[in-house]
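A.B. asks:
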Amino acid sequence: MSAETDDDPRVPIVCPECETTSRIPLDDVADSIDRHNAQLHDGDDVARVDPDVADQLADIIAVELGLLEER
Ligand SMILES: [Zn+2]
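My numbering puts the first residue of the sequence shown at 1, with every later residue one more than the last.
#1: Go to valine 11, then tell me how far its beta strand (DSSP E) extends in each direction, as first and last residue.
#2: At a cut-off of 8 Å, would you count valine 46 as near ligand 1, judging by its Cβ distance to the nearest heavy atom?
#3: I believe cysteine 15 touches valine 49 by the beta-carbon criterion, under 8 Å. Please report the beta-carbon distance rounded to the nearest angstrom.
#4: Along the chain, where does the alpha helix (DSSP H) containing valine 46 start, and where does it finish?
#5: Within this structure, are the beta carbons of aspartate 28 and asparagine 37 separated by less than 9 Å?
#6: Taking the alpha-carbon positions, what's the arginine 23 to proline 9 distance?
#7: Do valine 11 and leucine 40 count as a contact pair if the criterion is CB distance below 9 Å?
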């Protein structure tokens, strides 16, 4: 296996109340969502991963964690 990808996987985060979308490096996604919701929405679960990519994201995370072996 080789690690030739030099672009980190980035995850689109959407916040319907702020009407913003930002792409966050996978490593920072949980922190960024927590921080955004804590600072702007009193800790409510408003900002979240774009549902359109949530399915793909599950695969990406699985790959990142080495849960999916290449066959
Ligand atoms: Zn927001």
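Cβ coordinates follow ideal geometry from the N, Cα and C atoms, glycine included.
C.D. replies: With the structure as the only source:
#1: 10-15
#2: yes
#3: Not a contact, Cβ separation roughly 11 Å.
#4: That residue, valine 46, is in no alpha helix (DSSP H); it is neither H nor E in DSSP.
#5: Taking 9 Å as the cut-off, the beta carbon of aspartate 28 is found no closer than this to the beta carbon of asparagine 37.
#6: 9 Å
#7: no
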